[in-house]
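Engineer: Those protein sequence lines, which keep their order, are chains L and H.
In my numbering, each number is its position in the first sequence, counted from 1, plus 1.
In my numbering, each number is its position in the second sequence, counted from 1, plus 10.
Ideal Cβ placement from N, Cα and C applies to all residues, glycine included.
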Amino acid sequence: MASSLARRRSLRLISAAVLVLIVGAIVVVAFIAAPGPTKGVAAAGPTVSVSTDTCGSGWSGHDAGQQSFTLQNTTVAGVETYLQDPVSRATYLDVEGLGTTASVDVNLVLNAGDYQFVCLPADADPVLGPVFSLGPDHEGRTLFANATPGIVPVTRNDMIPIAKQYGAWITAQLPALLVDTQLLQSDIVAGNLTAARSDWLTAHLAYEQLGAAYGAFGDLDSAINGMPASGSTALTDPGLTGFHRIEALLYSTAAATDITGPTGQLVASVSDLQTAFASARIDPLDVGLRAHEILENALQFELSGRTDANSGTELATVSANLTGTNAALAPLRPLLATRYPPAALADTDAALSAAETLVTSYRHADGTWTPLSALSQTERERINSAIGNAVELLAPVAAICDIRRES
Amino acid sequence: MKHTDGSAHVGRRGFLHGLVGAGLAVPLTVGAGLGTSTALADTGSSPNQDAPTYPFEGEHQQGILTPSQKHASFVAFDVTATTRSELQSLFTVLTDRTRFLTAGGTPVDPGLTAPPTDSGVLGPDVPAENLTITLSVGSSLFDDRFGLAGLKPARLRVMDDFANDALDRAVCDGDLLLHLCADNEDTLIHALRDLMKKTRGSMQVRWRSDGFTSPSRPTGTPRNLLGFKDGTANPPVGDTPSMAGLVWTQGGVGDEPAWVTGGSYHVVRLIRMLVEFWDRVSLHEQENMIGRRRATGAPLTGTAEFDVPAYDLDPTGDVIQLDAHIRLANPRTAAAANQQMLRRPYNYNSGLDSNGNLNMGLIFSCFNQDLDRQFVAVQKRLADEPLVDYISPFGGGYFFALPGVTGATDYFGRALLA
């Protein structure tokens with residue numbers, strides 16, 4: 002789980018240019034839209050100039066409903082373009098990274114109202130275009146069921162305090178994590194493998210609920226929660242350290258003395274983490290992404306059984322991941338309140354709660370969990386369905402919290 | 011969201027007229043094998059802009075009498091929704107998505123608020139092509155979860171374990187079956203991803219199998235992977251009385267609940283073909299097991315594919331063995347006439363067995379008015395036929411294809427759930 006998240010994050014950070022291109026492509030695809038029956042992409046209407054001098058020229062609002070135009074960048078550098086409500090700044094269109102001389106066809110559906118293009122050159126202040134009005138169409142309609150929704154873009158300034166709040170929550174969890182790993186270490190030193198298995202789970206879950214912070218933990222995450230190299234297992238990979246290495250040993254014929262080394266290393270790594278995290282910060286972009294990526298990883302690695310090193314505690318991990326998802330979601334709620342329809346947010350909470358209830362129904366009174374491998378096909382389907390439903394509902398959270406420029 | 015341009019699609023009725031006009035030279039009494047006929051033009055790999063689209067609404071669902079498209083996905087689901095109202099919502103969503111996907115159109119644009127609503131696999135606008143989506147229900151849907159026990163189609167049950175079966179129950183049965191057909195595989199994948207994305211919390215895939223139909227080689231009914239034409243003796247889909255007597259189930263008849271009218275028992279059998287073994291068998295033995303010439307598809311008593319097997323002239327099986335596949339399946343007796351089923355088979359091709367043999371075979375798929383009178387009666391007659399050494403049924407299920415959706419406010423299963 003950890004390695005994958007870390008990899009995805011590093012790609013994002015290493016190549017900001019690539020990120021912009023990817024996001025831009027998604028935005029463009031999303032905006033090729035037209036109402037009602039159409040065959041093939043609707044022909045583009047007027048060409049709208051995207052530049053600092055003539056931002057938005059070429060488009061004059063007329064009827065509400067389907068709008069088709071071609072955005073053309075007439076400047077000598079890349080430009081981002083918004084189409085906004087001039088008062089509320091609700092944004093209906095965001096074409097990122099349109100290169101010099103490049104053009105893109107846009108189709109979208111707009112309700113009656115006032116609109117304004119905003120051109121955002123890469124290294125200059127935003128330029129506001131003229132305000133246009135869309136009136137009732139020839140059938141007198143002003144509202145359209147398939148109209149493109151508009152939201153006020155989330156900016157870096159919006160996200161910085163959220164990232165800090167989330168970072169503070171993680172910081173507050175780390176002392177307990179350290180205590181949990183020290184307890185595991187003392188079990189091993191005392192030769193009490195039964196207590197060690199129980200305390201390993203407690204410590205592992207304490208770590209798994211921090212899911213959102215994997216990227217921020219860097220290499221320490223690999224040391225604490227890494228997976229074996231391909232072609233080997235957690236038991237056979239000599240380079241593996243951390244929870245899964247210890248898990249493999251605890252659920253094998255290994256003696257306690259074989260495990261003292263790895264547990265000592267784990268305590269040291271968690272201690273290093275606590276020190277390192279004090280001076281680290283959560284990337285503001287990450288909180289929204291984590292809100293759905295923690296469960297994406299649970300689906301990919303836990304509910305496939307891929308991370309298990311014989312403890313059969315996949316569902317316990319999923320439960321901790323659900324806790325972590327709620328922790329990532331919590332500081333985002335004020336932003337989401339005006340951007341994610343209340344019914345959808347309520348559905349999301351209901352989905353997370355239902356998934357938690359279902360998953361924890363496999364925890365027994367003695368603290369042990371039913372292994373994934375012991376579940377019937379129907380039971381697996383129900384869990385996959387519950388988590389799958391939750392990630393579908395969480396995906397818009399990441400899209401909404403994608404950081405955009407202030408206009 | 012539907013195409014309204016009448017010239018852009020050919021309805022089933024129009025298609026059948028065209029077929030008659032094309033003079034597919036088969037007497038209706040013999041059966042044209044329309045389900046797997048060559049009636050559809052070969053569209054190659056280019057976008058299939060000129061393929062007929064099949065209107066979603068109608069007394070019966072599409073994908074049953076519809077001429078077989080080149081590709082099919084058989085995807086069985088278990089319902090994870092837990093209440094009857096959630097089940098009804100699921101069926102409404104499936105109706106809405108099927109209506110959109112089979113008509114084509116432009117996906118809703120979510121703006122900055124969400125990832126794209128559509129996968130984009132078919133480009134920015136979704137073409138209808140000739141996609142059909144057929145929804146069937148399995149017997150487990152009628153357990154105690156949704157209060158539907160009293161409404162189960164009278165013959166619907168967990169698939170029988172026949173004499174020569176080697177069933178893996180993990181790839182058998184299911185609460186629902188979605189049967190997707192189109193001429194291009196990307197159309198199927200697009201539709202399946204859309205349907206699953208919109209229903210993630212209400213149903214989960216239990217098993218799936220993808221299949222294809224081969225082109226005519228060189229003429230006539232497409233061949234299966236044993237090299238033989240498969241589907242020659244199908245009843246004629248253009249003959250409404252035949253379909254009324256063989257395909258469509260009638261409510262109130264034979265203890266059937268009223269809601270089933272217009273639906274059909276859908277049997278799917280995943281049948282592995284041991285093709286390496288088969289390819290080491292002499293042609294003579296192969297043809298005797300089937301009862302037809304491999305090259306032409308003609309019955310051994312005849313000359314051309316659609317010649318009727320002359321069992322009356324061959325009462326002791328000197329020409330077509332008494333245990334030949336076609337003779338057991340359809341002895342052409344008066345008593346067997348109403349045992350005919352409408353077959354709509356697809357070949358499958360799926361990787362390797364652990365011994366290095368190719369895993370391929372047949373997705374046997376057929377529609378029946380009466381499961382027991384037709385498919386089950388015939389399957390029992392086929393027990394221990396010589397062919398069983400070369401095939402191994404391992405999955406599938408009995409399902410009931412719901413009646414068609416008849417209007418804008420109708421939805422799948424309304425008569426069942428209302």
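1) Tell me, please, which residues DSSP counts as bridged to residue 245 of chain L.
2) Does the separation of the CB atoms of residue 406 of chain L and residue 156 of chain L fall below 9 Å?
3) I want to see whether chain H comes within less than 9 Å of residue 341 of chain L, judged by CB atoms only; does it?
4) Residues of chain H with a CB under 7 Å from the CB of residue 93 of chain L: which are they?
5) Taking the alpha-carbon positions, what's the residue 84 of chain L to residue 197 of chain H distance?
6) Beta carbon of residue 315 of chain H, beta carbon of residue 231 of chain H: below 9 Å?
7) Can you tell me the Cα-Cα spacing of residue 166 of chain L and residue 127 of chain H, whole angstroms?
8) Check whether chain L comes within 9 Å of residue 98 of chain H, counting only Cβ atoms and requiring the distance to be less than that.
9) Give, in chain order, every residue of the region 126-157 of chain L whose Cβ lies closer than 8 Å to some Cβ of chain H.
10) Contact between the region 86-101 of chain H and the region 180-187 of chain H is defined here as three or more beta-carbon pairs at a separation below 8 Å; is this criterion met?
11) Between residue 58 of chain L and residue 52 of chain L, what straight-line distance do the alpha-carbon atoms span, to the nearest angstrom?
12) Please list, in chain order, all residues of the same chain as residue 93 of chain L whose beta carbon is under 6 Å from its beta carbon, the five residues on each side excluded.
13) Using DSSP's beta-bridge definition, name the partner residues of residue 176 of chain L.
14) If we call anything under 9 Å between Cβ atoms a contact, is residue 144 of chain H one with residue 189 of chain H?
15) List, from N- to C-terminal side, the beta strand (DSSP E) runs of 3 residues or more that fit wholly inside the region 55-134 of chain H.
16) Going by DSSP, what residues sit across from residue 60 of chain L in a beta bridge?
17) Pairs of beta-carbons, one from the region 366-383 of chain H and one from the region 267-282 of chain H, closer than 8 Å: are there three or more?
18) May I ask you to list, following chain order, the residues of the region 92-122 of chain L that have a beta carbon less than 9 Å from some beta carbon of chain H?
19) Using a C-beta to C-beta distance shorter than 9 Å, which residues of chain H count as neighbours of residue 450 of chain L?
20) Look up residue 364 of chain L in the DSSP assignment and say whether it is helix, strand or coil.
21) Name the two residues that bound the continuous alpha helix (DSSP H) containing residue 336 of chain H.
22) What residues of chain L sit near residue 207 of chain H, judged by a beta carbon separation below 7 Å?
23) Could you say which of H/101, H/154 and H/192 lies nearest to residue 64 of chain H if we only look at CA atoms?
24) Would you mind sorting residue 131 of chain H into buried or exposed? The rule is 16 or more other CB atoms within 10 Å of its CB.
25) Check the DSSP bridge columns for residue 191 of chain H and list the partner residues they point to.
26) Going along the region 75-101 of chain H in order, which residues come within less than 7 Å of chain L, judged by CB to CB distance?
27) Here's the rule: buried if 16 or more other CB atoms are within 10 angstroms of the residue's CB, otherwise exposed. What is residue 100 of chain H?
28) Smallest Cα separation from residue 78 of chain H: which of H/356, H/367, H/409 and H/369?
29) Give the residues of chain H in contact with residue 406 of chain L, contact being defined as C-beta atoms less than 9 Å apart.
30) Determine, using beta carbons only, whether residue 53 of chain H comes closer than 9 Å to chain L.
31) How would you list, in chain order, the residues of chain H whose beta-carbon sits under 8 Å from the beta-carbon of residue 401 of chain L?
32) Give me the chain H residues within the contact set of residue 291 of chain L, using Cβ-Cβ distance strictly less than 8 Å, ordered along the chain.
33) Mind reading off the beta-carbon distance from residue 98 of chain H to residue 414 of chain H? Whole number of angstroms is fine, and I expect it under 8 Å.
34) From what residue to what residue does the beta strand (DSSP E) around residue 104 of chain L run?
35) I'd like the list of long-range same chain contacts for residue 293 of chain L, defined as Cβ closer than 7 Å, with 5 residues on each side in sequence excluded.
36) I'd like the ranges of any alpha helix (DSSP H) spanning at least 4 consecutive residues and lying wholly in the region 228-298 of chain L.
Structural biologist: Put simply:
1) DSSP, once it has assigned bridges, lists no residue as partnering residue 245 of chain L.
2) yes
3) yes
4) 121
5) 33 Å
6) yes
7) 32 Å
8) no
9) 147, 149, 150, 151, 152 and 154
10) yes
11) 9 Å
12) 84, 149 and 151
13) The partner list for residue 176 of chain L (beta bridge, DSSP) is empty, contrary to what the question assumes.
14) yes
15) 81-89
16) The partner list for residue 60 of chain L (beta bridge, DSSP) is empty, contrary to what the question assumes.
17) yes
18) 92, 93, 94, 95, 108, 109 and 110
19) Nothing about residue 450 of chain L can be read from this structure; chain L reaches only from 2 to 408.
20) strand
21) 335-339
22) 393
23) H/192
24) exposed
25) H/82 and H/142
26) 88 and 90
27) buried
28) H/356
29) Near residue 406 of chain L there are no residues of chain H at all, since even the closest Cβ is about 12 Å away, more than 9 Å.
30) Reliability of the predicted coordinates at residue 53 of chain H is poor, the pLDDT of 34 falling under 50, and no value is obtained from them.
31) 122, 123 and 124
32) Simply none; closest approach about 16 Å.
33) With 8 Å as the limit, residue 98 of chain H and residue 414 of chain H do not qualify as a contact, their Cβ atoms being about 18 Å apart.
34) 104-111
35) 392, 395, 396, 398 and 399
36) 244-251, 257-279 and 285-298
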